[in-house]
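In the numbering used here, each residue carries its 1-based index in the sequence shown increased by 698.
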Amino acid sequence: MKKKQIKEYNGIEFDSNEEISVYKWLIEAINAGLVEEFYYQPRTFELCEAVPMIRKKYKFLKRYPFITLTSREVNKVGRYVYTPDYVIQFAPEMLHYYPDVFLIDGDNPLYIDVKGDFNSGKNNTSGITFGIKSAWVFNTQGVFIQKVKPKDLFKKTWVPEECKLTPVRKQPIKEFTKECYKSYEEAVAYRELVDELLTKRDNQNE
């Protein structure tokens, strides 16, 4: 099993490139007035405590075709915990401009777990077990956790400036040059257009 590689950005250690991408988006979302605050890995949920288990220890006798119980050992089934990637407090403007991006429940903060294509594959056990862990947290503690894929988030909103270029050579990432992705400036223009259309609608209804 490969050891997880820790990645650092802005003085923070992250578990994946996807988490860094969402962090960059959240910083720009704060500057845009869409997010009030957010925290990385803010809370660890305990899904089950360590449970003692009696394990029987057998001794195999070479000369006789039977097994003899010689002793018992007490082990513990490990404690199981789960830590979401972010908790976000959205501003009302987020739901106003982008109502179908996050499952925002009023003024309550939202927990999200970041998944994506950068570390997908047969070794992506976190992506496979997310459904089980998130359902476990919701059923036992009443906390909803939304799965977020950076590319899907960027398509519905905008691509952060730092995510457009490769980390080392600073070359444009081909994926993000497609028309389905907006820049931050285009997203600002979109929000201004929404406000203009809503204002016209309100004036017509008066």
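C-beta: ideal position from N, C-alpha, C; glycine also.
Next on the checklist: For G776 and T742, I'd like the C-alpha separation in whole angstroms.
Outcome noted: Indexing the sequence shown from 1 puts residue 776 at position 78. Indexing the sequence shown from 1 puts residue 742 at position 44. Approximately 16 Å, taken between the alpha carbons.
Item to check | Proximity of V812 and V720 at Cβ, strictly below 7 Å | outcome: Taking the sequence shown and counting its residues from 1, one reaches residue 812 at position 114. Taking the sequence shown and counting its residues from 1, one reaches residue 720 at position 22. Contact: yes.
Item to check | Opening and closing residue of the beta strand (DSSP E) in which L732 lies | outcome: What you label residue 732 is simply residue 34 of the sequence shown in a count that begins at 1. That residue, L732, is in no beta strand (DSSP E); it is neither H nor E in DSSP.
Checklist entry - How many whole angstroms separate the CB atoms of Y888 and V857, which I take to be in contact at a CB cut-off of 8 Å? => result Counted from its first residue, the sequence shown places residue 888 at position 190. Counted from its first residue, the sequence shown places residue 857 at position 159. At roughly 13 Å, the Cβ-Cβ gap does not stay under 8 Å, so Y888 and V857 are not in contact.
Next on the checklist: So, with DSSP's three-state summary, where would you put Q787?
Outcome noted: The sequence position of residue 787 within the sequence shown is 89, counting from 1. Correct three-state label for Q787: strand.
Item to check | Cross-strand partners of P707 (DSSP beta bridge) | outcome: Taking the sequence shown and counting its residues from 1, the one referred to as residue 707 is at position 9. The residue you asked about is not Pro; residue 707 is Tyr in the sequence shown. In DSSP, Y707 forms a bridge with I710.
Item to check | For E744, the three-state DSSP class (helix, strand or coil) | outcome: Position 46 of the sequence shown holds residue 744. Note: E744 maps to strand in three-state DSSP.
Next on the checklist: I'd like the span of the beta strand (DSSP E) that includes V841, first residue to last.
Outcome noted: Counted from its first residue, the sequence shown places residue 841 at position 143. Here V841 belongs to no beta strand (DSSP E), and DSSP marks it neither H nor E.
Checklist entry - Helix, strand or coil: which one does DSSP assign to D811? => result The count along the sequence shown starts at 1 and reaches residue 811 at position 113. In the structure shown, D811 sits in a strand (DSSP, three-state: E or B).
Next on the checklist: Looking only at its chain, what residues have a beta carbon closer than 8 Å to the beta carbon of Q844, apart from the 5 residues adjacent to it on each side?
Outcome noted: Reading the sequence shown from its first residue, position 146 is the one you call residue 844. Cβ neighbours of Q844 within its own chain (closer than 8 Å, five residues either side excluded): F800, L801, L808, Y809, I810, D811.
Item to check | For P644, three-class secondary structure by DSSP | outcome: This structure does not reach residue 644, given that the chain is present from 699 up to 904, and the question cannot be answered.
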